Amino acid sequence: MSEAGLREPDFKTPAAVRQACREGRWDKPTAGLAPGYAQANLVVLPREDAFDFLRFCQRNPKPTPLLEVLDPGDPQPRLVAPGADLRTDLPRYRVYRRGELVEERTDIRDLWHDGLVAFLIGCSFTFEQALLSAGVPVRHLECGCNVPMYRTNIPTVPAGKFHGPLVVTMRPIPGHLVAKAVLVTARVPAVHGAPVHIGDPEAIGIRDLQKPDWGDPVPVRPGEVPVFWACGVTPQAVAMESRPDLMITHAPGHMFVTDLRDQDLLQM
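In our numbering, the protein residues as written are 1 to 268.
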């Protein structure tokens, strides 16, 4: 089945996205799928590392805003998507062992055990519909590709063994709409909130916007400003620095689609 066939009309609901992932019919990025519903980053760690990572998230709420922390061994996110299964319901997963990316796969059932703790972290894909509704373009949706993501020179606040650089997403915004983009996204701190940097990429350690560390490059057109938001791929950069024995994550851009409505996360 083609990507277009899956998007229309099957992927209007989170359950349809998750079912297609579970059945192996969708293994691509989730930007633009199930519009109106919040998406989430995934981090899975052994129980012995979970408390340190929970403290890391609390100390770094911009890149790691928590939506749900599951009980050890439980793969069902009962608060944000009852009945879903975090072992199967994402398009793609990454497995890190001692800081090294060892494999990417579409199912982690055979890796799952009772000592694993799953974290769901807000994703900036969630606020993209609000940007579009406000008349702010979203370039990677226009291009039909993944959002570009970059490792920065901004350090996160350490907690226990976890430390490393902040990762950001970038969206080119027409100069006259930058203030509107800031105001729209500031209302949703649960999915990274307002930008962390606007303008010169080199000021945060990014040498070439056309060479993202994750995702796909997108054009920045005359009159546009690169705007950077904290990104839930930050834990993957942290894994490479901190080298936990095991960390399982989503593949960048391949998110878990929750049953939470976007408006439920808005701050009035």
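For glycine and all other residues, C-beta sits at the position ideal for the given N, C-alpha and C.
Treat the numbers as computed from the prediction; the structure is a model and nothing was measured.
Under DSSP, Thr169 shares a beta bridge with Met149 and Trp229. A contact is defined here as three or more CB-CB pairs under 8 Å, and the stretch 70-77 fails this definition with respect to the stretch 197-204.
Between the alpha carbons of Trp26 and Asp216 lies a gap of roughly 19 Å. Annotation: the continuous beta strand (DSSP E) that includes Gln39 extends over Tyr37 to Pro46. When secondary structure is reduced to three states using DSSP, Ile204 falls in the helix class.
Of all alpha-carbon atoms in Ala118, Leu120 and Val233, the one lying nearest the alpha-carbon of Met170 is that of Val233. The straight-line gap separating the alpha-carbon atoms of Met247 and Glu48 is approximately 12 Å. The beta carbon of Ala181 sits closer than 7 Å to those of Leu131, Val136, Ile173 and Val227, all from its chain and outside the five residues before and after it, given in chain order.
Counting the other Cβ atoms within 10 Å of the Cβ of Arg261 gives fewer than 16, which makes it exposed. Your pair Ala159 and Arg243 does not check out as a contact, with CB atoms roughly 15 Å apart and the cut at 8 Å.
Between Tyr37 and Val191, the gap from beta carbon to beta carbon reaches 8 Å or more.
Rounded to the nearest whole angstrom, the C-alpha separation of Leu33 and Gly99 is 31 Å. DSSP places Gly144 outside both helix and strand once states are collapsed to three, so it counts as coil. Distance from the CA of Pro65 to the CA of Arg221, rounded to the nearest whole angstrom, comes to 31 Å. Excluding sequence positions up to five before and after Pro14, its CB lies within less than 7 Å of the CB of Ala34, Tyr37, Ala81, Val257, Thr258 and Asp259, all in the same chain and listed in chain order. Here Leu90 carries a coil assignment [DSSP, helix/strand/coil].
If you look at Ala181, you'll find it isn't in any beta strand (DSSP E); it sits in the alpha helix (DSSP H) that goes Val178 to Ala186. In the DSSP assignment, Glu241 falls within the unbroken alpha helix (DSSP H) covering Thr234 to Ser242. A distance below 8 Å between beta-carbons, with the five flanking residues on each side excluded, links Leu265 to the following residues of its chain, in chain order: Ala38, Gly122, Thr126, Val188, Ala190 and Val191. Spatial neighbours of Tyr150 in its own chain (CB-CB distance under 6 Å, excluding positions within 5 residues in sequence) are listed in chain order as Val168, Ile206, Pro212 and Asp213.
By the Cβ neighbour-count rule, Gly115 is exposed, with fewer than 16 other Cβ atoms within 10 Å of its own.
In this structure, the CA atom of Ala16 is about 20 Å from the CA atom of Leu141. Check the Cα spacing between Arg105 and each of Val117, Leu120, Arg87 and Phe119: the tightest is with Arg87. Rounded to the nearest angstrom, the gap between the Cα atoms of Gly73 and His113 is 6 Å. According to the DSSP assignment, Glu104 belongs to the beta strand (DSSP E) that extends over Glu100 to Arg105.
Looking at Cys231, Cys21 and Ala179, the one whose alpha-carbon comes closest to that of Leu166 is Cys231.
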